[in-house]
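Written out below as structure tokens is the structure these notes cover.
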Amino acid sequence: MSLAYFALIVSIVSASALEIAGAKFGAQLGTMAAALSLLAATLSARKADCDHYVRATSWGRWILIAIPLLIAAQLMPLPLGFGHPIWASARDVLGGLSLGPVTADLGLTLNALLLALAATALLGVTIVVVRDRSRAELVLFVLAGITALAALTLDLHRLAPAGAAATSEFATTLAGFGLVLNLAIMQLAAERAETRHSLLRSIVLGLLGLAGALISAAAVFGLSGTNNAIAAGFGVVLILLILVIRRLDLSPLAAGALAAAALIGSAIVLTFLFEQSSGPILLRLAPNMGAEARAALERMLADTRWFGAGAGTFAAVGRIYQSDAGAALTAPTTATAIFAGMGAIGLAVSVLTALIALVRLFFGALQRGRDSFFPAATAACVLFALVQSFAGSGLLHPAAILCLAVIVGLGLSQSVSQSGSR
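Heads up: the sequence shown at position 238 corresponds to 249 in my numbering, and the numbers run straight through without jumps.
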């Protein structure tokens, strides 16, 4: 598993660091490293690794391949009624076959399929590789460090006279992850101190986690939009909720009542946010945009059918709705891009996947003991990503998708592992 472990680290570090730096080949390098990691893990996997993977994904491993299968289906010839209504209208005018791919651009959708497969591979490899607690800790440190670095770049760009960088949405998303992951490192330091590890090392580790959390908090709470800050707030509240339930050793009834109260409060906050503006629900939390761009987006969403116009084709299809042929219509949020590209079915599957993983991780954290910060932090990251997907487009960046896949794999793996001897 050493090669798979090394390739896993290379994948998340290279993809994230290169995208932070503005390089264009970070996604390709990260995808190649993910493929190498999958190959190495497959060749070196033992029965115990396979059993661990089955236990970690017992919550519904079928859902892991649902999104790649949906994207693959968009590349196959289907009746034109399954696709965007523009294709059926073009056939009525120009004639031709009644069958064709759902997607508007085979190349863009194929790229989206490769990215989905890479993310699925990284998630599975992470589950197997981080069975060992020491490896899980190192992966946590790497993720916390790279996300804090992204938050730091956002802090510096926003404070500079030149303003924010073009990758500010991506950096905001990683900053939200970084806030939660560095809080987990602080909890790890506290757990180490309680179990009679080196006090000095625990203090240093706690201070590093505190620094990363403060950097990330400054980026996501102080320098990003209100909705992004609220999404991060949901993540922080969730990780604190799990900590309180564990530390106070609440009974199942008391823990259930506290969780229900938090759920009701979250629903009230989300309802309030969505009612602050009118129009399509997918655009209500989106950043402010021009009237012309909003009108074009509303027309595009109104025309979208159950299967969308092809994963990854938002910009290509958006040109049809722009009055200015030279202008590019970009997705204001991740949810908008998923809906336009994969339709209502794709968006529903994505949300369902996040909710199932969130519930699985929440209960896994409550049952995990002193290592609960792994699944707790992952659950908080998933909740942040779910809410933030309706408020920003950071999760459309390949590096953010790969990082989230590794985070989810880390949480799922450590939600069922036994504590290693320390």
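Yeah, the Cβ is synthetic: ideal placement off N, Cα and C, and Gly gets one too.
Alpha-carbon spacing of L160 relative to L421, whole angstroms: Between L160 and L421, the C-alpha separation is close to 20 Å.
Per DSSP, what kind of secondary structure is P90 in: helix, strand or coil? Correct three-state label for P90: strand.
Measuring alpha carbon to alpha carbon, tell me which of E286, F181, G375 and V139 ends up nearest A508. Within the shown structure, residues of the chain are numbered from 12 to 433, placing residue 508 beyond reach of any answer.
Taking 8 Å as the threshold, find out whether the region 18-35 comes into contact with the region 67-81 through three or more Cβ pairs. With the cut-off at 8 Å, the region 18-35 and the region 67-81 do not touch.
Just the C-alpha distance for L4 and T42, rounded to the nearest angstrom, thanks. What is shown of the chain runs 12 to 433, which leaves residue 4 out entirely.
Reducing DSSP to helix, strand and coil, say where P343 ends up. Coil, per DSSP.
Tell me the residue span of the alpha helix (DSSP H) that contains H63. Per DSSP, H63 belongs to the alpha helix (DSSP H) from K58 to A67.
Can you tell me whether L249 is helix, strand or coil according to DSSP? Reduced to three states, the DSSP call for L249 is helix.
Span separating the alpha-carbon of S284 from that of L296: Before going on, a small fix: residue 284 reads as Leu here, not Ser. Taking C-alpha positions only, L284 is separated from L296 by approximately 7 Å.
Looking at C-alpha atoms only, which residue of S213, T131 and A224 is the closest neighbour of A155? With distances taken between CA atoms, A155 lies nearest to A224 out of S213, T131 and A224.
Closer than 6 Å by C-beta to F373: which residues in its own chain qualify, once you throw out the five before and the five after it? Chain order, please. So the qualifying residues of the chain are A390.
Mind listing, in chain order, the continuous alpha helix (DSSP H) runs of no fewer than 4 residues lying wholly within the region 224-281? Complete alpha helix (DSSP H) runs here, min 4: 237-258.
Boundaries (first-last residue) of the alpha helix (DSSP H) holding E286: Per DSSP, E286 belongs to no alpha helix (DSSP H) and is neither H nor E.
Three-state secondary structure (DSSP) of P79: In the three-state reduction of the DSSP assignment, P79 falls in the helix class, which pools H, G and I.
Need the endpoints of the alpha helix (DSSP H) that T114 sits in, please. For T114, there is no enclosing alpha helix (DSSP H), since its DSSP letter is neither H nor E.
Could you check whether L192 and A45 sit closer than 7 Å to each other, using their CB atoms as the reference points? Contact flag unset, no.
Can the beta-carbon of Q425 be found closer than 7 Å to that of F385? Yes, these two residues count as a Cβ contact at 7 Å.
Starting from I20, trace the alpha helix (DSSP H) in both directions and tell me its first and last residue. Start and end: S13 to A32.
Taking the CB atoms as reference points, tell me whether L199 and I250 lie closer together than 7 Å. Not closer than 7 Å, so no.
Does the Cβ of C392 have 16 or more other Cβ atoms within 10 Å, making it buried, or fewer, making it exposed? It counts as buried.
How far does the alpha helix (DSSP H) with G422 in it reach, from first residue to last? Segment P409 to Q425, the alpha helix (DSSP H) holding G422.
Excluding sequence positions up to five away, which residues of its chain have a Cβ less than 8 Å from the Cβ of I367? The answer, listed in chain order, is W70, G71 and I74.
Reduced DSSP secondary structure (H/G/I, E/B, other) of L296: Coil.
Distance cut-off 6 Å: G33 Cβ against heavy atoms of the ligand SAH: Although the ligand SAH was asked about, the structure shown includes no ligands whatsoever.
Hey, is the region 269-286 in contact with the region 316-335, meaning 3+ C-beta pairs nearer than 8 Å? Contact fails: fewer than three Cβ-Cβ distances are below 8 Å.
Taking the alpha helix (DSSP H) that S48 belongs to, which residues open and close that run? S48 -> alpha helix (DSSP H) spans G37 to S55.
Cut-off 7 Å between Cβ atoms - residues of its own chain near I256, not counting five sequence neighbours on either side: A266, L269 and L377, listed in sequence order.
Rounded straight-line distance, which links the Cα of L264 to that of L49: Distance between the alpha carbons of L49 and L264 is about 42 Å.
Under the three-state DSSP convention, the category A177 falls into: The predicted position of A177 is uncertain, since its pLDDT is 42 and thus under 50; no value can be drawn from it.
What are the complete alpha helix (DSSP H) segments, minimum 4 residues, inside the region 321-397? As far as the region 321-397 is concerned, its whole alpha helix (DSSP H) runs of at least 4 residues are 325-332 and 345-378.
Whole angstroms is fine: what's the gap from M87's alpha carbon to A51's? Looking at the two C-alpha atoms, the distance is approximately 31 Å.
Let me confirm a value: R212 is counted as buried when at least 16 other C-beta atoms fall within 10 Å, else exposed. Which label applies? Under this definition R212 is an exposed residue.
Sort T53, L125 and L294 by Cα distance to L81 and report the nearest one. Cα-wise, what sits closest to L81 is L125.
Cβ-Cβ separation, G403 to N239 (assumed contact under 8 Å), whole Å: Right, their Cβ atoms sit about 6 Å apart.
Return the Cβ separation of G246 and G187 in integer angstroms, given the expectation that the two are a contact with Cβ distance under 8 Å. Right, the Cβ-Cβ distance comes to about 7 Å (below 8 Å), so this counts as a contact.
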